[in-house]
Structure formats: C-alpha cells, structure tokens
Amino acid sequence: MADKPNTMTVEQAADEAAALRQTLNEWRRQYYDEDAPNVEDSVYDQKYERLVELEQTFPQLVTPDSPTQLVGGTVKAGFDKVTHEIPMLSLGDVFSQAELQEFVDRLEQNVGHPVDYNCELKIDGLALSLRYEDGVLVQGSTRGNGTVGEDITANIKTIKSIPQRLTRPLTIDVRGECYMPKAAFAALNERREAAGEPVFANPRNAAAGTLRQLDSRVVAERQLSTFMYNIADYEPLTARTQSDMLTEFADLGFAINPDFKVAHSMADVFSYIDHYQNERPELAYGIDGIVIKANPLPLQRSLGATVKVPRWAIAFKFPPDEQPTLLKDVEWT
Ligand SMILES: NC(=O)c1c(N)nc(OC2CCCC2)nc1O[C@@H]1CCC[C@@H]1O
C-alpha cells in the first residue's frame, strides 16, 4: 500500500512524482503514436490520482510537463497576447506550373546557382508556434498578424501530438500547423448536428474554432493534431537543410508530415505536385497545396523575407477542395 503523502519526506515524494510523470507522459505519447491506449484506463487513472495526491501535498513538486497540468479547469475571459520575437511569416502563392517556374528562375538568378528544394504538403490548418525552454514546453501561440498572436498554451497542452518535453534540453521556437483530421471533423459535425448546434464548414474552421475555445476541456475532447515544419532560429539544431530539420524534429519528439521530398529538378517538383493533387482525397487531413522551399537552411536565412513572406519558399495552391454539399443546403424545389 503506498505511503500516505503526509508521512513521506519531500525527497521520497519527489522521486515517486518524477517516476509517475515519466510513466504517464510515456503512456500519453504511446497513445498518440499507436492511436490506441496500451494500458488500462483504470491503471492510468490510479497513477494519475496518486500524482495529483503527491502534488497537492507537495505543491513545489508540480512541473509544467506534469500530466496534471494538461487539462486545466480554468476558463479564461480571453487570450493573453504573445509577441513573436522572430515574426511568423505567411507564404506567397502561385497557381500554375508556369508561375512556379518563374519563382524558381528568379530565386536561382538571385543566388547564381541551381538550388535543391524541399517539397511539403501544405496542411490546411492553423499556424501555431511552440516555445520550449531547456526542452520543456512553456508556451503555445497562434500566428495572429505574424508579430502578435494569442497565448493558447492551456489549449495546446491537451493536444497529444505536442510533446511536453523534448528528447534534448533545447530552447527553441518551433512553428507548424494545427489541424483536425477529416474523420474527426466528420464525427464532430455529426455530434453537433445531433445536438442542434451549427456545424463547421470545413476542418480548417473546426481546428481554428477549437483552438480559440477559452475552455481547454473542450479542446481536450476534440482530436486536434499537428505537423511541425519551421523554426525561428535553426542554430540550436544540428540540421542544416529543411529536410534534415524535419527528421530532427521527429527525433526531438514532434509530429512531422512524412510526405516531404527533396527535389533536384523542376521535373521532380512537378511530379510531386501531380502525385499529391491526385492523392488529395485519400489523405487523412486537408491540404490546400504544396509548399516548395529552398532546402539549405543558411540559404533560407540569407534570402530572408519581404515584409510578410519568405523569398525562399512559395505555396503552389490547388483549386478549392470540392466540399460535399451538406444535403440540407440543397434546395428541394
Ligand atoms: N501549411 C503548411 O503545411 C505550411 C508548411 N508546410 N510550410 C510552411 O512554411 C512557411 C512558414 C514560414 C515560412 C515558410 N508554411 C505552411 O503554412 C503557412 C504558415 C502560415 C500560412 C500558411 O498556412
């Protein structure tokens, strides 16, 4: 029978709490990776309650990455503002292969040599920034206007694909997309329709609407996920290309989209675009195009950005997804 916390020394409690945090966070991570709990809920709950008991007796033992800090009961009046030290950029758009060729020709003229490009799916979600200090998640925020966003830390702590602690004690600001998978979107709209609540028009709106919930318990009930793809300053990483950075993000514990591909010619870029324009309906999440980025990170830095968009990346946009018309929208005349 476990000792009553008030009969324990703080050192004993600290050791037990650290072991419980490690186990519970590992179970959460596995749950996300395998998308199925490999431990009985009752076992998880028993250890979770024990950790709550220890933290209530010894509040100094609470850490930001403790699973007890992930789904707060606090309902906020509004979101605090967060200033992005390094602005979160948007993306320029092109709508044809000819326009894409012009962008590439201009870029390679500018640098004076051919460039390798990393091709990535353009996830149709909401951009967010995650701040880690010494490897621990300390803040999550929306892009906002690129310089000032909203503090959504309580909400993003409920998203299983976001690590509370990295595998290395880095201090970094990582950017990516928060999205709602198509299946989760359909299930959510079914529930809302059954409850007589307005449905969301598309997964992007559902993700944005969820992240803007002031009550993080609502966020915890919806299956939001993330793909990370950018960093404010790449110095702390070992990677020196976009493609290696994505692999390093995965090693650090982030969710990344695995369908990225380095292109060594425009033919490679165009075949990647054609492939995923066809694949699009089969994907488990919405995409609204492809992002093509100069692969070398030092080149990204030297090319820099205009006021809002990088000179080293472009979005090739697909025509809008043909959303199935909700039957109730059809005029039965
Ligand atoms: N939606 C995406 O999947 C995506 C991506 N895979 N890669 C980037 O790289 C940008 C970020 C800053 C400079 C290049 N941006 C993306 O989405 C942007 C972010 C803000 C507006 C677009 O959603």
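Numbering of the sequence shown is given in the working numbering, commencing with residue 4 and proceeding in unit increments.
C-beta atoms are modelled at their ideal positions from N, C-alpha and C, and glycine is treated no differently.
What you are looking at is a predicted structure, and each value in this text was computed from that prediction instead of being measured.
At a Cβ-Cβ threshold of 9 Å, L227 and C181 count as neighbours. According to the DSSP assignment, Y135 belongs to the beta strand (DSSP E) that extends over 129-136.
Contact between V177 and F252 is confirmed by a C-beta separation of about 7 Å, below the 8 Å threshold. Residue environment for K296: buried (at least 16 other C-beta atoms within 10 angstroms of its C-beta). The continuous stretches of alpha helix (DSSP H) do not include Y182, which lies in the beta strand (DSSP E) extending over residues 175-182. DSSP links L124 through a beta bridge to I293. Contiguous beta strand (DSSP E) elements confined to the region 251-300 occur at 264-266, 290-297, taking only those with 3 or more residues. DSSP places Y232 within a strand segment (E or B) once states are collapsed to three.
Just measuring C-alpha positions, the residue of K163, I89, V107, G95 sitting nearest R134 is I89. With a cutoff of 9 Å on beta-carbon distance, L306 and L103 are scored as not near each other. Classified as exposed, N9 has fewer than 16 neighbouring CB atoms from the shown chains inside 10 Å of its CB. Taking E238 as reference, the option from T174, G149, A308, I162 with the minimal CA-CA separation is T174. Taking the C-beta atoms as reference points, V85 is found nearer than 9 Å to S144.
Here the alpha carbons of A266 and S99 stand approximately 18 Å from one another. For a cut-off of 8 Å, the C-beta gap from A287 to A186 is around 7 Å, short enough to register as a contact. Approximately 6 Å separates the beta-carbon atoms of L64 and A16; this is inside 8 Å, confirming the contact. Cα atoms of Q112 and Q245: separation of roughly 21 Å, rounded to the nearest angstrom.
Residue V294 holds the alpha-carbon nearest to the alpha-carbon of G179 among N28, K7, P299, V294. Taking C-beta separations shorter than 7 Å and ignoring five residues to either side along the sequence, the partners of I126 in its chain run E180, Y182, F230, N260, Y288, I290, following chain order. Among the bridge pairs identified by DSSP, K84 is matched with E153.
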